[in-house]
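Participant: What follows is a structure written as structure tokens; I'll ask about it next.
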Amino acid sequence: MPEMPEVETIARKLRREIVGKTVSEVRLSGLSLRRPVDAAFAAVLRGRKVAAVHRRGKYLVLQLEPRAFALIHLGMSGRVFHWQGEIAPTPHTHGLIGFTDGSMLEYRDPRRFGLLSAHDGPRMRDIVEIKALGREPLSPGFDCEWLWPRLSASRREVKSFLLDQREIAGLGNIYVCEALFHAKIHPARRCHTLTQEEASRLVRAIRKVLRGAINNRGTTFSDFVASDGEPGSNQRFLRVFQRAGRKCRRCRAVIRCLRQSNRGSYYCPGCQV
DNA sequence: GCATTACCCTGAAAGC
DNA sequence: TGCTTTCAGGGTAATG
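So the mapping is simple: my numbering equals the position in the first sequence, first residue as 1, plus 733.
Below, the structure written as structure tokens:
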């Protein structure tokens, strides 16, 4: 499941591969993703040049020239490939963006929880999906001074807060579980009960797990691979995620899994209070 | 404002 | 072996 480090890995790769290329054609499967792909998607992209590749939260953003933006969200199972030359679409290929040099960008998404959208003209920060996103966890503004007042004002469970993209953009289930482990905070703790020291630990833990995951080119289970098809290696460093029933590497307690908002929360009952 | 539930979807794993 | 069922989860919407 692609979260911020996986999307960042793809963005870095695409930055080297497709910036400067001009879109010659766009083919869509016609099947609906998270929502139907707008009929204008192809028209907005065709003939435009890729000026830059950005990442915002879990969105991959292609900045086009003349000014327009294409948003790609990978959902649960989305993958992006850059191919040299013509390729045959798979049953799960929902978007093919061809460039004038003959290479192609393929969007593949078996579960179709992802999103493709195009926006002609606006500033990036005014795009509705981007506008809704909270702070970037690796930006200079993501610190305890920013986070603690927000935690103090919320009675939600901290796991739910951290997954909320309107608060912090880019965290998903894997890295929230891992960050809470490193910060020694139980996922069901109510935000307002966290001390300033715990909030500070949480900030450091979030930055640590994300930076580590980016360095490892993301976490690969079954779904995620970078745009060249190479898997990431961060799964080797996970401490709690999908390790229920196994022993904590720090305290030897047995890792548990509880359900929060219908998602699995993995934690160590020995380390996390 | 927040929690809960359902929904979208399909591959993998488990169960029979 | 082969079929059916269950589970996984990001984001959104409806409901309480």
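Beta carbons: idealized from backbone N, C-alpha and C, even for Gly.
Please report the residue range of the alpha helix (DSSP H) in which residue 921 lies.
Facilitator: Start at 1 with the first residue of the first sequence, and residue 921 comes out as number 188. First-last for residue 921: undefined, no H or E at that position.
Participant: In its own chain, which residues sit with a C-beta less than 8 Å from the C-beta of residue 822, not counting the 5 before and 5 after it?
Facilitator: Within the first sequence, residue 822 is the residue found at index 89, counting from 1. Excluding positions up to five away in sequence, the list reads 760, 762, 829 and 839.
Participant: Where does residue 925 land, buried or exposed, given buried means 16+ other C-beta within 10 angstroms?
Facilitator: On the first sequence, residue 925 is found 192 positions in, with the first residue counted as 1. Looking at its Cβ environment, which holds fewer than 16 other Cβ atoms inside 10 Å, residue 925 is exposed.
Participant: Report all residues from its chain with a CB closer than 7 Å to the CB of residue 982; omit the five preceding and five following residues, and keep chain order.
Facilitator: For the purposes of this step, residue 982 is taken as residue 249 along the first sequence, with counting starting at 1. The answer, listed in chain order, is 972.
Participant: Would you identify the three-state DSSP class for residue 736, choosing helix, strand or coil?
Facilitator: As a working mapping, residue 736 is identified with position 3 in the first sequence. The answer is coil: DSSP assigns residue 736 none of H, G, I, E or B.
Participant: Exposed or buried, what is residue 740 when buried is set at 16 or more other beta-carbons lying within 10 Å of its beta-carbon?
Facilitator: The residue labelled residue 740 in the question sits at position 7 within the first sequence. Per the 10 Å Cβ criterion, buried.
Participant: Which value, in whole angstroms, describes the spacing of the CA atoms of residue 961 and residue 859?
Facilitator: For the purposes of this step, residue 961 is taken as the residue at position 228 of the first sequence. For the purposes of this step, residue 859 is taken as the residue at position 126 of the first sequence. A caution first: residue 961 carries a pLDDT of 47, below 50, which makes its placement in the model unreliable, though a value can still be read off. Between residue 961 and residue 859, the C-alpha separation is close to 31 Å.
Participant: To the nearest whole angstrom, what separates the beta carbons of residue 755 and residue 833, a pair I think is in contact under 8 Å?
Facilitator: Start at 1 with the first residue of the first sequence, and residue 755 comes out as number 22. Start at 1 with the first residue of the first sequence, and residue 833 comes out as number 100. About 5 Å; that satisfies the 8 Å criterion.
Participant: From what residue to what residue does the beta strand (DSSP E) around residue 759 run?
Facilitator: Mapped onto the first sequence, residue 759 falls at position 26. Its beta strand (DSSP E) spans residues 756-761.
Participant: Buried or exposed for residue 856, please, with buried defined as at least 16 other CB atoms from any protein chain shown within 10 angstroms of its CB.
Facilitator: Here residue 856 refers to the residue found at position 123 of the first sequence. Residue 856 is exposed by the Cβ-count criterion.
Participant: Using the three-state DSSP reduction, which class does residue 796 fall into: helix, strand or coil?
Facilitator: By 1-based counting over the first sequence, the position of residue 796 is 63. In this structure, residue 796 counts as strand in the three-state DSSP scheme.
Participant: Can you tell me whether residue 958 is helix, strand or coil according to DSSP?
Facilitator: Start at 1 with the first residue of the first sequence, and residue 958 comes out as number 225. Residue confidence is low: residue 958 scores 47 on pLDDT, short of 50, so the model does not pin down where it sits. Its coordinate-derived value is still stated next. Residue 958: coil per DSSP, three-state reduction.
Participant: What residue range is occupied by the uninterrupted beta strand (DSSP E) comprising residue 812?
Facilitator: Translated into positions along the first sequence, residue 812 becomes position 79. 812-816 is the extent of the beta strand (DSSP E) around residue 812.
Participant: What are the boundary residues of the beta strand (DSSP E) that includes residue 987?
Facilitator: By 1-based counting over the first sequence, the position of residue 987 is 254. Element bounds for residue 987: n/a, residue is neither H nor E.
Participant: Which complete alpha helix (DSSP H) runs does the region 795-883 hold, if anything under 4 residues is left out?
Facilitator: DSSP runs (the alpha helix (DSSP H)) wholly in the region 795-883: 861-864.
Participant: To the nearest angstrom, report how far apart residue 849 and residue 788 are at their CA atoms.
Facilitator: Counted from its first residue, the first sequence places residue 849 at position 116. Counted from its first residue, the first sequence places residue 788 at position 55. Straight-line Cα distance between these residues: approximately 14 Å.
Participant: Tell me whether residue 980 sits in a helix, a strand or coil according to DSSP, three-state version.
Facilitator: The residue labelled residue 980 in the question sits at position 247 within the first sequence. Residue state, collapsed to three classes: strand.
Participant: Out of 994, 990 and 757, point me to the one whose CA is closest to residue 837's CA.
Facilitator: Numbered from 1 along the first sequence, position 104 holds the residue referred to as residue 837. Measuring from the Cα of residue 837, the nearest candidate turns out to be 757.
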